[in-house]
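Engineer: Take this structure, written in structure tokens, and hold onto it; I'll ask about it next.
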Amino acid sequence: MTEKLWWQLSIAESVTAVGSNIEGGLPSKEVQERQTRFNNSLDSGKQIQPLVLLLNQFTDTMVLVLLGATVISGLVGAMGDALTIMAIVILNAVLGFIQEYRAEKSLDEIKKLVSPHAVVLRDGKTIKIPSQELVPGDLVFLEAGDKVPADLRLISSSGLEIDESALTGESVPVEKNAEDICLADTLLAEKSNMAFLGTSVTRGRGRALVVETGMNTVMGQIAGMMKETEKNMTPLQVRLDQLGKILIAICLLVCALVALLGIWRGESILTMFMAGISLAVAAIPEGLPAIVTVVLALGVQRMAKHNAIVRKLPAVETLGCTTVICSDKTGTLTRNQMTVRKLAVMDKTVEIEGDGYEPRGKFTWAGRSIQALNDKNLKMILNIALNCNQSALRQEKNGYGVQGDPTEGALLVMAAKAGLKNKLEILREIPFDSERKRMSVVVQEQGQYYLLVKGALDYIIPYCSRVVKNDTVKTLENTEKQAFINMQEAWASDALRVLGFAYKPLIQDNWKKKNDLELETDLILAGICGMIDPPRPGALRSVKKCQRAGIVPVMITGDHPLTASAIAREIGISKENRVISGGEIDHLTDSELYKRVLQDRVVARVSPQHKNRIVNVLKAHQQVVAMTGDGVNDAPAIKTADIGIAMGISGTQVTKESAGMILTDDDFSTIVRAIYEGRAIYDNIRKFIRYLLGGNIGEVLVMFLATLMGTPLPMLPIQILWVNLVTDGLPAMALGIEPPEPGIMNRPPRPKNESIFARGLGWIILSRGTYIAMISLATFLIGYYWSHQHGMDGLDLGRTMAFTTLVFAQLFYVFECRSEQYSPFELGFFKNKFLIGAVLISIIMQLFVIYLPTLQNVFATVPLEGWQWAIILLASGFRIILRFILYTWQRFFVFNRGYAKI
Ligand code: ATP
1 MTEKLWWQLS IAESVTAVGS NIEGGLPSKE VQERQTRFNN SLDSGKQIQP
51 LVLLLNQFTD TMVLVLLGAT VISGLVGAMG DALTIMAIVI LNAVLGFIQE
101 YRAEKSLDEI KKLVSPHAVV LRDGKTIKIP SQELVPGDLV FLEAGDKVPA
151 DLRLISSSGL EIDESALTGE SVPVEKNAED ICLADTLLAE KSNMAFLGTS
201 VTRGRGRALV VETGMNTVMG QIAGMMKETE KNMTPLQVRL DQLGKILIAI
251 CLLVCALVAL LGIWRGESIL TMFMAGISLA VAAIPEGLPA IVTVVLALGV
301 QRMAKHNAIV RKLPAVETLG CTTVICSDKT GTLTRNQMTV RKLAVMDKTV
351 EIEGDGYEPR GKFTWAGRSI QALNDKNLKM ILNIALNCNQ SALRQEKNGY
401 GVQGDPTEGA LLVMAAKAGL KNKLEILREI PFDSERKRMS VVVQEQGQYY
451 LLVKGALDYI IPYCSRVVKN DTVKTLENTE KQAFINMQEA WASDALRVLG
501 FAYKPLIQDN WKKKNDLELE TDLILAGICG MIDPPRPGAL RSVKKCQRAG
551 IVPVMITGDH PLTASAIARE IGISKENRVI SGGEIDHLTD SELYKRVLQD
601 RVVARVSPQH KNRIVNVLKA HQQVVAMTGD GVNDAPAIKT ADIGIAMGIS
651 GTQVTKESAG MILTDDDFST IVRAIYEGRA IYDNIRKFIR YLLGGNIGEV
701 LVMFLATLMG TPLPMLPIQI LWVNLVTDGL PAMALGIEPP EPGIMNRPPR
751 PKNESIFARG LGWIILSRGT YIAMISLATF LIGYYWSHQH GMDGLDLGRT
801 MAFTTLVFAQ LFYVFECRSE QYSPFELGFF KNKFLIGAVL ISIIMQLFVI
851 YLPTLQNVFA TVPLEGWQWA IILLASGFRI ILRFILYTWQ RFFVFNRGYA
901 KI
């Protein structure tokens, strides 16, 4: 666009070069035009290709062998058989395709949800847009915690520091200055008037023009960076993958044995070859990984609907094992809707009326309404509240809202209630961060420069040497300091959040030469204010739910210990007044800290390093920790936690990228809900593993036992494949979406390294598989011998009976797999509509195979008579019938047996 490079241009030159407008940003028409030419995406744009996915279904070795064998059997003459097997294989592939496609699609949806955003000025309005939609010329706002969304030329900066380690490897953040002009060959790390895509703002603020997007950025040239929702396998998927391999080996061995024994006993080689392969295809739980992915992905989608976006799939599993939730207070446990209630200067305490952000309400002193602006000292505080402030008050459709930090919003509202609205220009800003717990600005009013400071009182008082008393500035005595501290404690005990205000007049331009620390000294203490931030409506209930579920909720906050403890008591986190303060943490050993955290459950006035230490200590004691965070400095703790949770509303992009999960509503209850979903998802995975493996063991074992016993084959290859199709597909999938069972939050968390077969599941699968095999073999023998006794060829009847038993036993079994604790009748037999639908479809398909003459020829089946059905249904439904009788008995004769509801 220009011959000079961006960093060589002055601000005005770059605005012209990129064709932008500093006042209002780009007009949307221009944006649309530019979007046709530019794309701010580094993605390789890999889309799911349905055809490739479908064809992939046929690349499975076993399926290929089966297809090969089918062709051979077709050539040898069994054309009908060959065609049917082909049809079954294709149906199976379609089913596999649907499963995988759904999984991929859901993961794609989730990726979209977590894609980064940028705040831009367009058409004169400040809006938040997906970073991908940025075009050159867009004017973006940067602040601490933001990821730089494209390559930018800065046009204003205030204390701006950027971590460019992603590009330069240099871990110390670099200072930026919009006014600088660099030489053409300035090193990347020294281009102080530029900000580059993929780097992150660690401090300060700035405004900048987008000059390069997407693949034209420095990062784009390095390419291949930035991945959103990671598709890496979860630990469970890895374990299942290993299990799958072991199962395949065992299956192949048994199938080969069955085939060899059959040949040795005189069956035809082709039949036994086909039987062996069909058995292998049927018995290998090839659907397992796909169903696990579907269940995880569906669960993740459900969580997204409930405001929890999972960025890293393993987090879903870990959620179910969570033993401690370390949660922020402000905004997560409380509403983050602050209203200033009290204001105090040295000689008076004023009450402020009004609710929410509506800038209407009286100031009263000793019960009488007053004009706050008539009091010099109160006016000073209101001035600090208004000007040492980066938020904006906005009139919205249904009332007023705040853009920016709610604490600052409350201060704006307070100033507006007194009639103070017009802000002064900020000449310099020392930004707020959770370490300093205060913020300062330099402003000029009527020729006089002022430093205005607001923040946590205990982080301001040490820098104050003077105070305003009776409208005059005097030395701040210890007794006066103590008086303010006592007042803060009294207010904090009433759950008020207390902020202190201080200021000092500055001598002309002297402040320009001083660094931040030098500026913030010798301050004049003006007074304090107290604001309410009520607990979120659902917090108490969610805290209780956690406690019932064996999870310890811990509040970790930057706020005052007394405010923290008052809120903690209100929402039931702690009944006592015990709080660990940030200062104390430094003096505790790891094991002391561990005990105190679990005992006191409230940690206040913490800095981000304390959060990190707490996570480490908890983890070292085998706790599974979920930790929330919003600020850029919280990223390390979030990364270290088993589940790092970032705040969607107040959280910075950097925190979000370190997190495993993002809460779009910042609400504590959403974490608890996600844990609930996490537990349910794991349960469901166990359910269909129980079902699939139980059924598959039944299928292999019936053939194996028959060959051992020397009976003819109880099922033909085609029948085995059919059983696999009817039982492994739809019912297993439907089980994966079983609604969570009652009481899921009334049991303790599952141990993190627990085997998937723990708590007796392995035994249940084995015994159920054996049972299914035994009854199928038994019905085969009954059909076989009965036919013989009646002078018929018994194989077709025996096989039809065995084959139908195998199908029905699994279709009954699937209902039992719905819960490890409750009978399907207790859960509501018809509650899982998909399962009912899947089972009905399977039954109808099975009836077609038995009763439709064309299919009878293909599958070598015969119609069954009443007594034969009775035997089949009794044998396969034995357990469920028993459970039904028991359930009915209890309903009618044992009253009040109700089970805990979630
Ligand atoms: P959480 O509970 O989520 O950790 P918090 O808001 O209580 O959040 P911080 O944001 O670290 O914790 O704030 C700590 C203290 O700093 C507050 O108690 C308040 O006194 C002060 N403070 C908060 N926001 C501002 C601000 N914008 N400017 C100046 N001081 C602030």
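Here UniProt numbering is used: the first residue of the sequence shown is 1, the next is one more, and so on.
We treat Cβ as the ideally placed atom computed from N, Cα and C, and that holds for glycine.
Cα separation between Q395 and D151?
Structural biologist: Annotation: Q395 to D151 spans about 34 Å, alpha carbon to alpha carbon.
Engineer: Taking 7 Å as the line, does the beta carbon of F432 fall inside it for any heavy atom of the ligand ATP?
Structural biologist: yes
Engineer: Should A456 be listed as close to the ligand ATP, given that the test is whether its C-beta is under 7 Å from any heavy atom?
Structural biologist: Under cutoff, so the answer is yes.
Engineer: Ignore the nearest five residues each way along the sequence and tell me which others in F97's own chain have a CB closer than 7 Å to its CB.
Structural biologist: L53, L54, Q57
Engineer: Report whether the distance from the Cβ of M627 to the nearest heavy atom of the ligand ATP is below 7 Å.
Structural biologist: Not so, every heavy atom of the ligand ATP lies at least 7 Å from the Cβ.
Engineer: Since W365 is in the beta strand (DSSP E), which residue starts that stretch and which ends it?
Structural biologist: 363-365
Engineer: In whole angstroms, give me the CA-to-CA distance for D180 and D665.
Structural biologist: 40 Å
Engineer: Leaving out five residues on either side along the sequence, give the residues of the same chain with a beta carbon under 6 Å from the beta carbon of S44.
Structural biologist: Here the model assigns S44 a pLDDT of 48, short of 50, so the residue's position is not dependable, and the following value carries that caveat. Excluding residues within five positions, none has a Cβ falling inside 6 Å.
Engineer: Can you say whether M709 is buried or exposed, counting buried as having 16 or more other CB atoms within 10 angstroms of its CB?
Structural biologist: Result: exposed.
Engineer: Whose C-alpha, out of T199, N753, V597, R341, is nearest the C-alpha of E164?
Structural biologist: T199
Engineer: Inspect the beta-carbon positions of P406 and N336 and report whether they are closer than 8 Å.
Structural biologist: Judged by their CB atoms, P406 and N336 are nearer to each other than the 8 Å cut-off.
Engineer: Is L121 near the ligand ATP, going by C-beta to nearest heavy atom under 7 Å?
Structural biologist: L121: no, Cβ never under 7 Å from the ligand ATP.
Engineer: Go through its chain and collect everything with a Cβ distance to I580's Cβ below 6 Å, but skip five positions before and after it.
Structural biologist: R596, D600, V603
Engineer: Given a threshold of 16 other Cβ atoms within 10 Å of its Cβ, counted over all protein chains shown, does residue 912 qualify as buried or as exposed?
Structural biologist: Beyond the ends of the chain as shown, which are 1 and 902, falls residue 912; an answer cannot be given.
Engineer: Between L393 and the ligand ATP, is the CB less than 7 Å from at least one heavy atom?
Structural biologist: L393 has its CB no nearer than 7 Å to any heavy atom of the ligand ATP.
Engineer: Since L382 and A372 should fall inside the 8 Å C-beta cutoff, what is the C-beta to C-beta distance between them, to a whole number of angstroms?
Structural biologist: 6 Å
Engineer: Would T628 and D328 qualify as a contact pair, given that the criterion is a beta-carbon distance under 8 Å?
Structural biologist: yes
Engineer: Quick one: what's got a C-beta closer than 7 Å to L247's C-beta in the same chain, skipping five residues either side?
Structural biologist: I284, P285
Engineer: So, is W722 buried or exposed, given that buried needs 16 or more other C-beta atoms within 10 angstroms?
Structural biologist: Under this definition W722 is a buried residue.
Engineer: Name, in chain order, the residues that DSSP records as bridge partners for A297.
Structural biologist: Its beta-bridge partners do not exist; DSSP assigns none.
Engineer: Taking only the alpha-carbon atoms, compute the straight-line gap between F488 and I528 and give it to the nearest angstrom.
Structural biologist: Per the sequence shown, the amino acid found at residue 488 is Gln instead of Phe. Looking at the two C-alpha atoms, the distance is approximately 8 Å.
Engineer: Among Q653, I309, I685, which has the Cα closest to the Cα of L142?
Structural biologist: Q653
Engineer: Do you know how far the Cα of D683 is from the Cα of P863?
Structural biologist: 39 Å
Engineer: Please determine whether the Cβ atom of D328 lies at a distance below 7 Å from any heavy atom of the ligand ATP.
Structural biologist: yes
Engineer: Does the beta-carbon of L499, which I'm using as the reference point, lie nearer than 7 Å to any heavy atom of the ligand ATP?
Structural biologist: yes
Engineer: Contact between the region 291-303 and the region 729-742: three or more CB pairs below 8 Å?
Structural biologist: yes
Engineer: Any heavy atom of the ligand ATP closer than 7 Å to the CB of H560?
Structural biologist: yes
Engineer: Can you say whether F848 is buried or exposed, counting buried as having 16 or more other CB atoms within 10 angstroms of its CB?
Structural biologist: exposed
Engineer: Examine the ligand ATP and report whether any of its heavy atoms sits within less than 7 Å of the Cβ of D665.
Structural biologist: Relative to the ligand ATP, even the nearest heavy atom lies 7 Å or more away from the CB of D665.
Engineer: Which of the three DSSP states, helix, strand or coil, is assigned to E20?
Structural biologist: At residue 20 the sequence reads Ser, which differs from the Glu that was named. DSSP places S20 in coil when its eight states are reduced to three.
Engineer: Leaving out five residues before and five after C251 in sequence, what residues of the same chain have Cβ atoms less than 6 Å from its Cβ?
Structural biologist: Annotation for C251: A280, A283, I284 place their beta carbon closer than 6 Å to its own, counting only its chain and skipping 5 residues before and after.
Engineer: Return yes when the C-beta of R438 is under 7 Å from any heavy atom of the ligand ATP, and no when it is not.
Structural biologist: yes
Engineer: From F185 to V218, what does the alpha carbon distance come to, in whole angstroms?
Structural biologist: The question names Phe, yet the displayed sequence has Asp at residue 185. Distance between the alpha carbons of D185 and V218: 15 Å.
Engineer: Can you say whether R368 is buried or exposed, counting buried as having 16 or more other CB atoms within 10 angstroms of its CB?
Structural biologist: By the neighbour-count rule (16 or more Cβ atoms within 10 Å), R368 is not buried but exposed.
Engineer: Could you give the distance in angstroms between the alpha-carbon of M225 and the alpha-carbon of A456?
Structural biologist: With a pLDDT of 37 at M225, under the threshold of 50, the predicted position of this residue should be treated as unreliable, though the coordinate-derived value follows. Looking at the two C-alpha atoms, the distance is approximately 40 Å.
Engineer: Classify R360 as buried or exposed, calling it buried when 16 or more other Cβ atoms lie within 10 Å of its own Cβ.
Structural biologist: With fewer than 16 other Cβ atoms within 10 Å, it is exposed.
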